[in-house]
Each structure stands twice: as C-alpha cells, then as structure tokens.
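K.L.:
Each residue of the sequence shown is one higher than the one before, counting from 892 in my numbering.
Backbone N, C-alpha and C fix where the C-beta goes; we use that ideal spot for every residue, glycine too.
One structure coming up, written as structure tokens, with questions to follow.
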Amino acid sequence: MANERFRTYCLFLYILPLTIFGCQSISVLPIEDVTTQATPYIHAGPLHVLLKMPTGLDKVKVLVDNTGLAHIFISSKRINEVHHVVLGSDGVVERELVKNLSSLDTLNLDAAFDRSGQLHVLIGNEHMIKQEGNWVTVERTPWKEAGLTIRRQPSFVAGARDLTWAFLIGGEDVGTPGRWDWFGVAGGYPPLGLIWPWHTQADKLIVVPEMAPTYTMWVVLEPESSLDTDFWTFGTDGQGAIHVAYAQSRAMPFLPPVTEVSHAKFVIEPDRTAPPTVSSDVTAPLRERRQLQAIPGGRAIGYNNRPTFIYPPVSIAIDPDSGATLVVRRSGGFEEFFQLREAGPRGFLVRDEEWSAAIPMAVSNIMKTSVAPSGNDRFHAVVVGEQSNFWTGGDNPIYYLNLTSNVWSPPVTLGLANNSHWIFKGLVDSVEVASNGSRRAVVVWPTDEGIVGRWIEVL
C-alpha cells in the first residue's frame, strides 16, 4: 500500500540540499534552431504563430484528429480568453474564440474526442461542446448530478473510447480514513513558531465513464490510502484498459514537498450481479448511492521533490496498435536518494505487464517531459529545459527526442520558450506534443509574443 511504501520525510536530509543547491546554473545543450542542425532522423516544418498574445499565465491542450489536423486550445488569464486554433500541414486553418474568462475562472483546461468524433472541452469546471457553429455549455457532469463539490482539476481520460471524466473529491465520500496533519506558522524576531494538529481528509482521484441517464459507475484510485492524489496523467490502450501515472503526497509544515510517483492499469468493470446503486440523497456518502470500483495502489516508479504544478513528475503515452506503454519519469528515482543532484528523465516501456529497465535521456536539468506515440512501438518526446542561469533568467530550450528500439535519439533543439510576463515565468502548462499515433506530431510552446507550434515527422 502507498502508506507502507511511502518514503517521506526520512528523506529530509537528502531533499534539503537539493532544495538549497538545486537552483545552481547547469549547462544545457547548445541552443540552436532546428533548421541549422543536422537532423537525420526527423523533418521539422516551419514555425507557425498560433495565437499572438501576451503570455505568462496560460495553458494549452493539443489533440490531433484522425484526418491529421491539430486542435490547440489556449486558455489565457492575460487576455481572459480561451481560443481554439486548428493547424493544418501548411498553417493555421481556423481560429475561434471559445469563451471569455471572468476574474474567478481558473486556468484549468482539457479536451477530448468522444466515440462519435465530437470535440469536448473543460474550462475550469465548465463542460462545453460545439453545436451549430457555436460553443455551448453542457450542464450535465458527474459531480453536478451527484451533488458533489469537486476539489480541483477536472480532466478527461486521454484516448478513452467513450468520454471519461477524472477529478478529485474528498476521501470521506469514498471511505478513505482521515488523518492528522500538522500545520504551522513562524515569524517574528527572535523567530518563533507555532505548530498544531488538524484532522483532514485526503483528496482522492475519481474516474467516471459517460453514462445515460445516470452516472452509476464510479472508480476511485487507492481509496484505502490517506495520501492526497495531487497529479495524474492518463493513457488508454487498444483493449480499452486505462493507464494512469500519478503522484501522491502529504503536506507537512516547513518541509519541502515530496510525492511518490506510481503507475496503475485498470478496466472499468460494473458489477452486473447487483443493480446499480443510485440515490438522489446528496447528503449521503457517495459510496452509499453509487457503485464504486476500487483500484489498488499501482507500481511505484519514483518520487518527486519539486512542486508538481511547476515540475510535472511523470508523463505517459500508449501505442494504439501494439499497446506498448511509455512512462517517463522527470527525475527522482529511488536509486538517487543520496545523490546531491537530480538525474535526468528516465523512460520505461511496459509490454504485457513487463517493465523494461530505465532508458535515460541525454538531457538533464529539465522542467517537464511530454510524450506521444509515433507508431511501431516508437514515441515522440518533447522536453522543457530549465533556464541556462537561474539568477539571470533567459529562455527555456525545447528539445525533441524519439524513442526507437528502446533507445532515445540525440536531442534536437526545436526552439526557445519564454513569456512576456514581468514576474510569472511558469511555462510548462503551455508546452505539449501530440499525435494521432503516427510518425507526425505537433509541438506547441509559448514565446514572449504568443503561442507557436511546428510539425515534426520522423523519417
């Protein structure tokens, strides 16, 4: 179980040096445009400006449909708008405004196709589809129907045959035991602190397939664990099994965040021997009015000692034909506990429940990896490098790699990411690679003038 294997704050003496010294300047690969490099294994198309706008508080979601068109959703708090951009082989085909954001709207953004090819988008907690040329709100969602207040981050399950939802709810609704957390404040001169215990409930990840007329089947990840699920990313294989790479943690005062990163695989299986449990009594716990399927703890693959909203700890992609699954850990393997530096990302190929040995990338000092299938057990990967100097700033290099025959190609610099915000320089939410399972992929990233993208094709 996660609580038994979770190597938390006994690692404090290891984590503290990383926290203090991990921001030193580390050299990165030469920063050149891809058109000036020898790239024998890929063809890189021209750079396209997807949306010219001030950047710095934005998020993107990218899908590639069966016809090869890329659908890029861009949410920006700088301009308080969400846009949908369609990119074809030769450039932008369409740009349209999806929604004007209010000051209370969050940057949360996700999109997915359903079985019929209908495009769905989640903006904050709002579900929208396009009808008769207009984007309209769909009031029906699993949490609204069940009378629940979700805690944060609703999303879709990537690649699911039918529209499938994922979101966080309080553990009390699914039978998760509560826990005692410590909270504290410190300050003053001489320094004084106050620490006190508080009984809390964990945030638990829920997965719900689209159903009519009622959402009767709910899946909960590790309901027995009192740890919070604070990051997840999905893939779905050709047999309909859902793969989730996720991180769990427990907050403690005055200590850096430490999360355990795991992978689980499951199939949503309603219990057909009993009638679905459905009740309109919203005051009753969810487990008493919906059918729950519990997913036990998955395979632990590492840990993360950085904030997950700045340094996403893991990414996942699945070859739709072979079912091979690629899981890429940003850093933080168990073997690195007593090293005073972070190693680079490691990939793992999973075939028929068998895990390969770690496959290291030839990059280090990174913020994020994003991966997508490229067919025949090959995978696209895009890596966001950190600024070359933490103190003076600068651009973040965007690297492309391809995994073929369990070996990563040499990295190629596609471009430089930056934004125009004077203080908020976070950009990982605006960098993605996406494909429809073919050798061709689209890569998107922010610059100080707007969001840009280019096509990549493996030769």
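So, at 6 Å on beta carbons, what are the nonlocal neighbours of Ile-1342 in its own chain, with the 5 sequence-adjacent residues on each side left out?
P.N.:
Start at 1 with the first residue of the sequence shown, and residue 1342 comes out as number 451. Result list for Ile-1342: Leu-941, Leu-942 and Ile-965, in chain order.
K.L.:
What is the DSSP secondary structure of Leu-1177, counted as helix, strand or coil?
P.N.:
If you number the sequence shown from 1, residue 1177 lands on position 286. Residue state, collapsed to three classes: helix.
K.L.:
Excluding five sequence neighbours on each side, which residues of the same chain lie with their C-beta closer than 6 Å to the C-beta of Val-1349?
P.N.:
Working through the sequence shown from its first residue, we reach residue 1349 at position 458. If we look at Val-1349 and ignore the five residues flanking it on each side, its Cβ neighbours are Ile-933, Ser-1265, Asn-1293 and Arg-1330.
K.L.:
What distance in whole Å lies between the Cβ atoms of Ile-1186 and Leu-1112, which are believed to be in contact at a cut-off of 8 Å?
P.N.:
Taking the sequence shown and counting its residues from 1, one reaches residue 1112 at position 221. Taking the sequence shown and counting its residues from 1, one reaches residue 1186 at position 295. So it is a contact: roughly 5 Å between Cβ atoms.
K.L.:
Round the Cβ separation of Thr-1120 and Leu-1059 to the nearest angstrom and send it over; I've been treating them as touching at under 8 Å.
P.N.:
Here the question's residue 1120 lines up with position 229 in the sequence shown. Here the question's residue 1059 lines up with position 168 in the sequence shown. Confirmed, about 7 Å.
K.L.:
Given a cut-off of 8 Å, decide if Glu-972 and Asn-991 are closer than it, judged by their beta-carbon atoms.
P.N.:
The count along the sequence shown starts at 1 and reaches residue 991 at position 100. The count along the sequence shown starts at 1 and reaches residue 972 at position 81. Yes, they are a contact pair.
K.L.:
Which ranges does the beta strand (DSSP E) cover as unbroken runs of at least 3 residues, wholly within the region 1033-1085, from first to last along the chain?
P.N.:
The qualifying runs are 1055-1061 and 1070-1078.
K.L.:
Pull up the distance between the alpha-carbon of Arg-1181 and that of Trp-1109, whole angstroms please.
P.N.:
Here residue 1181 corresponds to residue number 290 of the sequence shown, with the count starting at 1. Here residue 1109 corresponds to residue number 218 of the sequence shown, with the count starting at 1. The straight-line gap from Cα to Cα measures roughly 7 Å.
K.L.:
Can you check DSSP and say which residues form a bridge with Ile-1159?
P.N.:
Numbered from its first residue, the sequence shown carries residue 1159 at position 268. Per DSSP, none; premise fails for Ile-1159.
K.L.:
Which value, in whole angstroms, describes the spacing of the CA atoms of Gly-982 and Ala-1263?
P.N.:
Stepping through the sequence shown from its first residue, residue 982 is reached at position 91. Stepping through the sequence shown from its first residue, residue 1263 is reached at position 372. Distance between the alpha carbons of Gly-982 and Ala-1263: 21 Å.
K.L.:
Within a Cβ cutoff of 7 Å, which residues of the same chain sit near Arg-1006, ignoring the five residues on either side of it in sequence?
P.N.:
Your numbering for residue 1006 matches position 115 in the sequence shown. Correct list, in chain order: Arg-1052 and Asp-1053.
K.L.:
From the DSSP output, which residues share a beta bridge with Arg-1221?
P.N.:
Counted from its first residue, the sequence shown places residue 1221 at position 330. Paired residue(s): none; Arg-1221 is not in a bridge.
K.L.:
Can you tell me which of the three DSSP states Ser-1326 falls into?
P.N.:
The residue you call residue 1326 lines up with position 435 of the sequence shown. Ser-1326: strand per DSSP, three-state reduction.
K.L.:
Would you kindly report the start and end of the unbroken beta strand (DSSP E) that includes Thr-1338?
P.N.:
Here residue 1338 corresponds to residue number 447 of the sequence shown, with the count starting at 1. It spans 1331-1338 - the beta strand (DSSP E) in which Thr-1338 sits, taken as one unbroken run.
K.L.:
Taking the straight line between their C-alpha atoms, what separation do you get for Asn-1256 and Gly-1131?
P.N.:
The residue given as residue 1256 occupies position 365 in the sequence shown. The residue given as residue 1131 occupies position 240 in the sequence shown. Looking at the two C-alpha atoms, the distance is approximately 35 Å.
K.L.:
What residue from Asp-1286, Gly-1084 and Leu-1217 has the CA that sits closest to Ser-1296's CA?
P.N.:
Position 405 of the sequence shown, counted from the first residue, corresponds to residue 1296. For the residues Asp-1286, Gly-1084 and Leu-1217, the minimum Cα distance to Ser-1296 belongs to Leu-1217.
K.L.:
Only counting the same chain, and skipping five residues up and downstream in sequence, which positions put a Cβ closer than 8 Å to that of Ala-1215?
P.N.:
One-based indexing of the sequence shown puts residue 1215 at position 324. Ile-1209, Leu-1240, Val-1241, Arg-1242 and Asp-1268, listed in sequence order.
K.L.:
Going by CA-CA distance only, name the one from Thr-958, Trp-1073 and Phe-1270 that's closest to Gly-1084.
P.N.:
Within the sequence shown, numbered from 1, the residue matching residue 1084 stands at position 193. Considering only alpha carbons, the answer is Trp-1073.
K.L.:
Go to Leu-1112, then tell me how far its beta strand (DSSP E) extends in each direction, as first and last residue.
P.N.:
Walking along the sequence shown from the start, residue 1112 turns up at place 221. Where Leu-1112 is concerned, the enclosing beta strand (DSSP E) stretches over 1108-1112.
K.L.:
Just curious, the beta strand (DSSP E) that Lys-950 is in, first and last residue?
P.N.:
Looking up residue 950 in the sequence shown gives position 59. Per DSSP, Lys-950 belongs to the beta strand (DSSP E) from 949-955.
K.L.:
So, for Val-891: in the same chain, excluding its five sequence neighbours on each side, which residues have a beta-carbon less than 7 Å away from its beta-carbon?
P.N.:
Residue 891 lies beyond the stretch modelled for the chain, which goes from 892 to 1350, so this question has no answer here.
K.L.:
Can Val-1319 and Ile-1207 be called in contact, C-beta distance under 8 Å?
P.N.:
By 1-based counting over the sequence shown, the position of residue 1319 is 428. By 1-based counting over the sequence shown, the position of residue 1207 is 316. Contact: no.
K.L.:
Taking the Cβ atom as the reference point for each residue, do Leu-998 and Ala-1057 lie within a distance shorter than 8 Å?
P.N.:
Here residue 998 is taken as the residue at index 107 of the sequence shown, counted from 1. Here residue 1057 is taken as the residue at index 166 of the sequence shown, counted from 1. No, Cβ-Cβ distance for Leu-998 and Ala-1057 is not below 8 Å.
K.L.:
Once DSSP output is grouped into helix, strand and coil, what is the label at Val-983?
P.N.:
Translated into positions along the sequence shown, residue 983 becomes position 92. Three-state DSSP puts Val-983 in a strand.
K.L.:
How many angstroms separate the CA atom of Arg-969 from the CA atom of Glu-1179?
P.N.:
Translated into the one-based positions of the sequence shown, residue 969 becomes position 78. Translated into the one-based positions of the sequence shown, residue 1179 becomes position 288. Near 43 Å, if we compare the C-alpha coordinates of Glu-1179 and Arg-969.
K.L.:
By a C-beta neighbour count over all protein chains shown, 10 Å radius and 16 as the cutoff for buried, is Asn-1025 buried or exposed?
P.N.:
Position 134 of the sequence shown, counted from the first residue, corresponds to residue 1025. It counts as exposed.
K.L.:
Would you identify the three-state DSSP class for Asp-1210, choosing helix, strand or coil?
P.N.:
Position 319 of the sequence shown, counting from 1, holds the residue named residue 1210. Reduced to three states, the DSSP call for Asp-1210 is coil.
K.L.:
State the beta-bridge partners of Asn-991 as determined by DSSP.
P.N.:
Within the sequence shown, numbered from 1, the residue matching residue 991 stands at position 100. Glu-972.
K.L.:
What is the rounded straight-line gap between the Cα of Trp-1336 and the Cα of Ala-1249?
P.N.:
What you label residue 1336 is simply residue 445 of the sequence shown in a count that begins at 1. What you label residue 1249 is simply residue 358 of the sequence shown in a count that begins at 1. Those two C-alpha atoms are separated by around 27 Å.
K.L.:
Do Asn-1196 and Arg-1221 count as a contact pair if the criterion is CB distance below 8 Å?
P.N.:
Position 330 of the sequence shown holds residue 1221. Position 305 of the sequence shown holds residue 1196. Their beta carbons are not under 8 Å apart, which means Arg-1221 does not touch Asn-1196 by this criterion.
K.L.:
Using the Cβ count rule (16 or more neighbours within 10 Å means buried), how would you classify Asp-1212?
P.N.:
In the sequence shown, counting from the first residue as 1, residue 1212 sits at position 321. Burial call: exposed.
K.L.:
Between which two residues does the beta strand (DSSP E) containing Phe-1125 stretch?
P.N.:
On the sequence shown, residue 1125 is found 234 positions in, with the first residue counted as 1. Run containing Phe-1125: 1119-1127, per the beta strand (DSSP E) assignment.
K.L.:
If you follow the beta strand (DSSP E) that Gly-1344 is part of, which residue opens it and which one closes it?
P.N.:
Taking the sequence shown and counting its residues from 1, one reaches residue 1344 at position 453. Taken as a continuous stretch (DSSP letters only), the beta strand (DSSP E) holding Gly-1344 covers 1341-1349.
K.L.:
Taking only the alpha-carbon atoms, compute the straight-line gap between Lys-1035 and Glu-1277 and give it to the nearest angstrom.
P.N.:
Within the sequence shown, residue 1035 is the residue found at index 144, counting from 1. Within the sequence shown, residue 1277 is the residue found at index 386, counting from 1. Cα to Cα, the separation comes out at about 40 Å.
K.L.:
From Pro-1288 to Gly-1306, what does the alpha carbon distance come to, in whole angstroms?
P.N.:
On the sequence shown, position 397 is the one that residue 1288 refers to. On the sequence shown, position 415 is the one that residue 1306 refers to. Approximately 6 Å between the Cα atoms of the pair.
K.L.:
So that I know if they touch, is there some Cβ in chain D lying closer than 8 Å to that of His-939?
P.N.:
Note that chain D does not occur in the displayed structure, where there is just one protein chain.
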